[in-house]
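Protein chains: 2
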Amino acid sequence: MNGIGMLGLDEMAVVFEQSICFRGLKPQARHAMAAKAISIPFAKGDTIFHANDPQRHFYLVAKGLVRVSICSLEGHRLTYLLAVAGEPLNLVSTFSKKPRMIEARAMRDSMVVLLKQTDFIAFAFQHPSVISAIITVLGNAVDSANSRILDMVGKNVDQRMRRILHALYLKFGPTLRFTSIEIAEMIGTTVESSLRALSKLRKKGLITTQRSRIDILKPEAFADSDSGMLWL
Amino acid sequence: MNGIGMLGLDEMAVVFEQSICFRGLKPQARHAMAAKAISIPFAKGDTIFHANDPQRHFYLVAKGLVRVSICSLEGHRLTYLLAVAGEPLNLVSTFSKKPRMIEARAMRDSMVVLLKQTDFIAFAFQHPSVISAIITVLGNAVDSANSRILDMVGKNVDQRMRRILHALYLKFGPTLRFTSIEIAEMIGTTVESSLRALSKLRKKGLITTQRSRIDILKPEAFADSDSGMLWL
DNA sequence: CGGAGAATTGATCACAATCAATCGAGGTGG
DNA sequence: CCACCTCGATTGATTGTGATCAATTCTCCG
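Chains as they are written, first to last, in this note's numbering: chain R, 3 to 234; chain F, 3 to 234.
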């Protein structure tokens, strides 16, 4: 059960402890769930699941960073979630059977914990706090998505860039290790446009950029009194 | 308890019976909930709740049509849900305390049923099928919102118009009683642009238009093999 | 080194927002 | 009953933003 690159029971317990979905549960309940979980390591760049894969498991990030994105038939990709340790990858598809156009990919070497769908659902219904957490996460997803739609309508690329950088700053701190392509897929624009936006910010002295890296120099300048918080 | 324009217990029972959230429950459970509910009539044009109102109730449409929309500080409004009998108005804010920028307005004379937040939450946790329904509704909302974001990125106004009309056709049938302003707020564009799009469809013979009314002549022409279903 | 992927900047073009003006329909009050 | 007023519909003209195409440089890594 404890093969190479897998998590020991203790490490697994820590993952569940820090997870949005399971925190606040009694230790023995968490352990019961941890005992049924399996952990799988993914190297940077690996695909964890593909678009339209039928989902039989509930995925939880234990370590690393996983990008969850949706893809249109035209080939546009939109990054929807950057999941760090404790965050679930596929809450929605865990509960409704129908497949979704979502895809998960490890952006760094990562460890992912899998629970059988049936186990997780049964567990959730026995623990109201898990249900609460699920509804909260889904609620945030709805809010965030609607907020992004409003952004697409009312804000230009520059403004959306500021908002995304601010959100990333809050989640990851001042040093952001993302490529312009990745940033563009979060904003919903092209690489060129996002580079032009970054270029303006650089000239204003608000950021510095290197290959695959953006440093926020003046976080204050990105705080928007504006509309709802952006989640990633 | 049964003032003018209010619902009798029997009518109330019917509402709960046809509601996405409560269907499938035992009659006595539904009646217990119906007994705690109050019903309020709203005239066409009335506001049911405003943006940033603190939400203390769970709202369910009993009769009529209610538009739920979010509004940005710049004044852009995006219609998010057209709720008919049985549909909830504020699932998300019922479960998370923080206020949202959503607003509900009666588009026709409507009857709305209110449940105290605490009553509804307690009830939901006693009935797994209600929880399932809630998660399904939220899941659809997430899917739909993400699908709309992809539309904003990859589709032009004409294509988005086709998609919205198709979604409206599925929900309301071939005769759509909406103004161009309302349609524009669903698509996320301006009145003028939506009128131009409608004009093209009219010239193609796919629709006819009158004041505050659109008739779909060839529904087949709107079916998109494309991306995920749009919910309204 | 050499190659692949990332960054950068320029030039062009199309779509849709904006501004503007007119028309039409329905509702209200004198 | 007619005059009027408001809101919706419609079309034209103009403009700006961002997508697209293209070319070059840079950087990391094998």
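Even for Gly, the Cβ is constructed at its ideal location relative to N, Cα and C.
Please read these numbers as outputs of a predicted model, since none were measured by experiment.
According to DSSP, residues forming a beta bridge with residue i
{"i": "residue 59 of chain R", "result": "R/118"}
{"i": "residue 212 of chain F", "result": "F/215"}
{"i": "residue 188 of chain R", "result": "Its beta-bridge partners do not exist; DSSP assigns none."}
{"i": "residue 124 of chain R", "result": "According to DSSP, which records beta bridges pairwise, residue 124 of chain R is partnered with nothing at all."}
{"i": "residue 43 of chain F", "result": "F/113"}
{"i": "residue 84 of chain F", "result": "F/69"}
{"i": "residue 178 of chain R", "result": "R/216"}
{"i": "residue 90 of chain F", "result": "F/62"}
{"i": "residue 198 of chain R", "result": "None, per the DSSP bridge assignment."}
{"i": "residue 105 of chain R", "result": "R/71"}
{"i": "residue 18 of chain R", "result": "BP columns for residue 18 of chain R are empty, so no partner."}
{"i": "residue 49 of chain R", "result": "R/107"}
{"i": "residue 79 of chain F", "result": "F/73"}
Cβ separation of residue i and residue j, assumed to be a contact under 8 Å, to the nearest whole Å
{"i": "residue 218 of chain F", "j": "residue 167 of chain F", "result": "6 Å"}
{"i": "residue 31 of chain F", "j": "residue 14 of chain F", "result": "At roughly 14 Å, the Cβ-Cβ gap does not stay under 8 Å, so residue 31 of chain F and residue 14 of chain F are not in contact."}
{"i": "residue 72 of chain R", "j": "residue 142 of chain F", "result": "So it is not a contact: roughly 15 Å between Cβ atoms."}
{"i": "residue 44 of chain R", "j": "residue 114 of chain R", "result": "6 Å"}
{"i": "residue 81 of chain R", "j": "residue 187 of chain R", "result": "5 Å"}
{"i": "residue 40 of chain F", "j": "residue 116 of chain F", "result": "5 Å"}
{"i": "residue 1 of chain R", "j": "residue 63 of chain R", "result": "The structure shown has nothing for residue 1 of chain R, since chain R only spans 3 to 234."}
{"i": "residue 22 of chain F", "j": "residue 89 of chain F", "result": "6 Å"}
Proximity to residue i [Cα-Cα], best of the options
{"i": "residue 119 of chain R", "options": "R/43, R/94, R/107 and R/148", "result": "R/94"}
{"i": "residue 179 of chain R", "options": "R/72, R/36, R/132 and R/109", "result": "R/109"}
{"i": "residue 145 of chain R", "options": "R/37, R/233 and R/159", "result": "R/233"}
{"i": "residue 276 of chain R", "options": "R/143, R/136, R/142 and R/185", "result": "The requested residue 276 of chain R is not part of the displayed model; chain R covers only 3 to 234."}
{"i": "residue 215 of chain F", "options": "F/181, F/41, F/193 and F/55", "result": "F/181"}
{"i": "residue 192 of chain F", "options": "F/77, F/83 and F/225", "result": "F/77"}
{"i": "residue 189 of chain F", "options": "F/151, F/61 and F/201", "result": "F/151"}
{"i": "residue 225 of chain R", "options": "R/131, R/17, R/162 and R/87", "result": "R/162"}
{"i": "residue 59 of chain R", "options": "R/121, R/201 and R/104", "result": "R/121"}
{"i": "residue 196 of chain R", "options": "R/204, R/183 and R/205", "result": "R/183"}
{"i": "residue 55 of chain R", "options": "R/175, R/28 and R/105", "result": "R/105"}
{"i": "residue 46 of chain R", "options": "R/107, R/200 and R/26", "result": "R/107"}
{"i": "residue 61 of chain F", "options": "F/42, F/10, F/205 and F/220", "result": "F/42"}
{"i": "residue 27 of chain R", "options": "R/204, R/17, R/129 and R/10", "result": "R/129"}
{"i": "residue 111 of chain F", "options": "F/231, F/18 and F/8", "result": "F/8"}
{"i": "residue 75 of chain F", "options": "F/103, F/83 and F/133", "result": "F/103"}
{"i": "residue 220 of chain F", "options": "F/57, F/176 and F/165", "result": "F/176"}
{"i": "residue 174 of chain F", "options": "F/17, F/87 and F/202", "result": "F/87"}
{"i": "residue 165 of chain R", "options": "R/200, R/57 and R/38", "result": "R/200"}
{"i": "residue 24 of chain R", "options": "R/206, R/133 and R/83", "result": "R/133"}
{"i": "residue 231 of chain R", "options": "R/206, R/204, R/170 and R/203", "result": "R/170"}
Any non-hydrogen atom of the ligand GDP within 7 Å of residue i CB
{"i": "residue 145 of chain F", "result": "Because no ligand of any kind appears in the structure shown, any question about the ligand GDP cannot be addressed here."}
May I ask you to verify whether the segment 66-76 of chain F touches the segment 152-167 of chain F, counting CB pairs closer than 8 Å and requiring at least 3?
-> no
Counting pairs of Cβ atoms below 8 Å between the segment 40-55 of chain F and the segment 118-128 of chain R, do you hit three or more?
-> no
Scan the segment 128-152 of chain R for residues whose Cβ lies nearer than 9 Å to a Cβ of chain F and list them as they occur along the chain.
-> Against chain F - using a Cβ distance shorter than 9 Å - the residues of the segment 128-152 of chain R are 130, 133, 134, 136, 137, 138, 140, 141, 142, 143, 144, 145, 146, 147, 148, 149, 150, 151 and 152.
Say whether the segment 207-214 of chain F touches the segment 80-100 of chain F, bearing in mind that this needs 3 or more beta-carbon pairs closer than 8 Å, one atom from each stretch.
-> no
Output, in sequence order along the chain, the residues in the segment 77-89 of chain R whose CB is closer than 7 Å to any CB in chain F.
-> 78, 80 and 82
May I ask you to list, following chain order, the residues of the segment 4-31 of chain R that have a beta carbon less than 9 Å from some beta carbon of chain F?
-> Near chain F, meaning a CB-to-CB distance below 9 Å, no residue of the segment 4-31 of chain R qualifies.
Identify each residue in the segment 54-70 of chain R for which the Cβ-Cβ distance to at least one residue of chain F is less than 7 Å, and report them in chain order.
-> Of all residues in the segment 54-70 of chain R, none places a beta-carbon less than 7 Å from a beta-carbon of chain F.
Contact list for the segment 92-116 of chain R against chain F, Cβ threshold 7 Å | 94, 97, 98, 102 and 103
According to a CB-to-CB cut-off of less than 9 Å, which residues of the segment 205-219 of chain F neighbour chain R?
-> So nothing in the stretch comes that close.
Residues of the segment 180-195 of chain R whose Cβ lies closer than 9 Å to any Cβ of chain F, in chain order = 190 and 191
Residues, ordered as in the chain, of the segment 151-165 of chain F that lie near chain R by beta-carbon distance below 9 Å | 151, 152, 153, 154, 155, 156 and 157
Contact list for the segment 39-51 of chain R against chain F, Cβ threshold 8 Å | none
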